[in-house]
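Reviewing the structure listed below.
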Amino acid sequence: MAQLEPYAGGYYLWAYLPSVPAAVIFLLLFLGATVYHFWKIWKMRARFCLAFAIGGIFEVIGYGGRAAAYNRTGEILPYCIQSVFILLGPVLFAASVYMTLGRIIRSVRAEHHSLIRVNWLTKVFVLGDVLSFMVQGSAAGLMATGSNAAMGKNIVIVGLLIQVIMFGLFIATSIVFQRRMHQHPTAQAFDQAIPWKSHLHTLYAVSLLIMVRSIFRVIEYAMGQDGYLLSHEWPMYVFDALLMFAVMVIWGVWYPGNLNLLIQKPASDTMSMHNPEESLRCS
Numbered sequence: 001m002a003q004l005e006p007y008a009g010g011y012y013l014w015a016y017l018p019s020v021p022a023a024v025i026f027l028l029l030f031l032g033a034t035v036y037h038f039w040k041i042w043k044m045r046a047r048f049c050l051a052f053a054i055g056g057i058f059e060v061i062g063y064g065g066r067a068a069a070y071n072r073t074g075e076i077l078p079y080c081i082q083s084v085f086i087l088l089g090p091v092l093f094a095a096s097v098y099m100t101l102g103r104i105i106r107s108v109r110a111e112h113h114s115l116i117r118v119n120w121l122t123k124v125f126v127l128g129d130v131l132s133f134m135v136q137g138s139a140a141g142l143m144a145t146g147s148n149a150a151m152g153k154n155i156v157i158v159g160l161l162i163q164v165i166m167f168g169l170f171i172a173t174s175i176v177f178q179r180r181m182h183q184h185p186t187a188q189a190f191d192q193a194i195p196w197k198s199h200l201h202t203l204y205a206v207s208l209l210i211m212v213r214s215i216f217r218v219i220e221y222a223m224g225q226d227g228y229l230l231s232h233e234w235p236m237y238v239f240d241a242l243l244m245f246a247v248m249v250i251w252g253v254w255y256p257g258n259l260n261l262l263i264q265k266p267a268s269d270t271m272s273m274h275n276p277e278e279s280l281r282c283s
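Per my numbering, the sequence shown starts with residue 1, numbered consecutively.
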């Protein structure tokens, strides 16, 4: 029977034996969701969702690392694999989420309603996401060494806080855009072929889920190695694995992949759809 083993100098990487059944279940769930997302990207040519699907690969690798760690709790490699990939997967989800808002705005020809210039919108949030990714990624390895574990956790907290702040600003920007659209809608806003409200609601849902997960992670690391959250396994599955799988399901059901086609659609097409008399006069 497996038992906890020290890594070096009596330092334990794990406070518990990681559950193989739980890890395998989520590995398979994320694998199925990831394959589906790659299929959707190929079918709809939605390359802006590629980061999202790669985030799914990160989750699969991460939970594979947890399953492999059951009999190898004293080894650094499986610990680092699960720690780094599960930590960084949601950052890649966020990249595609950020790239979607600008496409929603362009699809209804409402660039003037954006709080941030649309040309800068994606750049600002994706750069923040890249910064969060780099900070968390650089610190994840430090957490595996006893002497630098505390410093690594503090750096990860900074990276997670960057993610929380960026998501807060992103949600605020989305809400401002939606309010302005309700007050002064464009003609394209009434086009039933452009489900911009549905896409916005999808953004809100996945953004809130990723924010909750990131806040959980901040609290988890702030409590320290001996804290309840890091010394018990179930919170990670409830507040990280389950929430991130829900993110992949929601994104897959209300997929924004058609936004590229809607952006390329001439504005005159939409105007004609909602003003048939004008269309007849023009013809």
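All C-beta atoms in this analysis are idealised placements derived from N, C-alpha and C, irrespective of residue type, glycine included.
Given the structure is predicted, the values throughout are model-derived calculations rather than measurements.
Checklist line | Beta-ladder partner(s) of A110, from DSSP | finding: For A110, which the question treats as bridged, DSSP gives no partner whatsoever.
Margin query: Quick check on R66: buried or exposed, where buried means 16 or more other Cβ atoms within 10 Å of its Cβ?
Written below: By the 10 Å Cβ count, R66 comes out buried.
Notebook entry, point to check: When the Cα of M244 is compared with those of N119, S132, R179, F30, which residue comes out closest?
Noted result: F30
Notebook entry, point to check: To which residues of the same chain is V218 closer than 8 Å at the C-beta, ignoring the five residues directly before and after it?
Noted result: Hits under 8 Å: I157, L160, L161, V164.
Check: Roughly how far, in whole angstroms, is the beta-carbon of V91 from the beta-carbon of Q136, given that I think they are within contact range, below 8 Å?
Finding: 7 Å
Note to self: Cutting at 6 Å between CB atoms, please list the residues of its own chain near E13, excluding the five before and the five after it.
What the structure shows: The sequence given here places Leu at residue 13; Glu does not occur at that position. Here the set comprises Y7, Y79.
Note to self: Does A2 pass the burial test, meaning 16 or more other C-beta atoms within 10 Å, or should it be called exposed?
What the structure shows: exposed
Next item on the list: State the Cα-Cα distance for the pair H286 and M44, rounded to the nearest angstrom.
Entry: In the structure displayed, the chain extends from 1 to 283; residue 286 sits before or after that span and is not available.
Note to self: Residues in the same chain with beta-carbon distance under 7 Å from A338, minus the five sequence neighbours each way, listed in chain order, please.
What the structure shows: Past the edges of the chain, shown from 1 to 283, lies residue 338, and the structure says nothing about it.
Next item on the list: Spatial neighbours of V208 within its chain, please: CB distance less than 8 Å, with the 5 preceding and 5 following residues excluded, ordered by chain position.
Entry: The question names Val, but residue 208 is Leu in the sequence shown. If we look at L208 and ignore the five residues flanking it on each side, its Cβ neighbours are I171.
Checklist line | Contact check, A51 vs H37, beta carbons under 7 Å | finding: no
Notebook entry, point to check: Per DSSP, which one or two residues make a beta bridge with Y11?
Noted result: In the DSSP secondary-structure assignment, Y11 is bridged to A8.
Margin query: Going by beta-carbon coordinates alone, are T186 and R109 separated by less than 7 Å?
Written below: Against a cut-off of 7 Å, the Cβ pair of R109 and T186 comes out as a contact.
Notebook entry, point to check: Taking DSSP as the reference, what is the three-state secondary structure of I116?
Noted result: Residue state, collapsed to three classes: coil.
Next item on the list: From the DSSP output, in three-state form, read off M271 for me.
Entry: The predicted model places M271 with a pLDDT of 46, which falls under 50 and marks its position as unreliable; any figure quoted below should be read in that light. Looking at M271 - three-state DSSP - the assignment turns out to be helix.
Item checked: Three-way DSSP call (helix, strand, coil) for L230 in this model -> helix
Next item on the list: Leaving aside the five residues before and after V97 along the sequence, list all residues of the same chain whose C-beta is less than 7 Å from its C-beta, in chain order.
Entry: L203, V206, S207.
Next item on the list: Within the region 155-202, note down every full alpha helix (DSSP H) run reaching 4 residues or more, in order along the chain.
Entry: none
Item checked: N-terminal and C-terminal residue of the alpha helix (DSSP H) that W42 is part of -> 20-44
Notebook entry, point to check: If you draw a straight line from the alpha carbon of I250 to that of G10, how long is it in whole angstroms?
Noted result: 43 Å
Next item on the list: Consult DSSP for N258 and reduce its assignment to one of helix, strand or coil.
Entry: coil
Item checked: Proximity of K40 and G257 at Cβ, strictly below 7 Å -> Cβ distance < 7 Å, so K40 and G257 count as in contact.
Check: Is the beta carbon of L115 sitting closer than 7 Å to the one on V176?
Finding: Yes, Cβ-Cβ distance for L115 and V176 is below 7 Å.
Checklist line | Contacting residues, own chain, Cβ-Cβ under 7 Å from L200 (five flanking each side not counted) | finding: I104, S174, Q178
Item checked: CA-to-CA distance, S83 to F292, given in whole angstroms -> Shown here, the chain extends from 1 to 283; a query on residue 292 therefore has no answer.
Margin query: Just to confirm my understanding: we take M211, look at its own chain, exclude 5 residues before and 5 after, and list those with CB closer than 7 Å. What are they?
Written below: In the same chain as M211, and ignoring 5 residues on each side of it, the C-beta atoms closer than 7 Å to its own belong to V164, F167, in chain order.
Item checked: Outcome for S132 when other beta-carbon atoms lying within 10 angstroms are tallied against a minimum of 16 -> buried
Notebook entry, point to check: Which two residues bound the contiguous alpha helix (DSSP H) that contains F297?
Noted result: This structure leaves residue 297 out entirely; the chain is present only between 1 and 283.
Notebook entry, point to check: Where G227 and L17 are concerned, what is the direct C-alpha to C-alpha distance, given to the nearest angstrom?
Noted result: 16 Å
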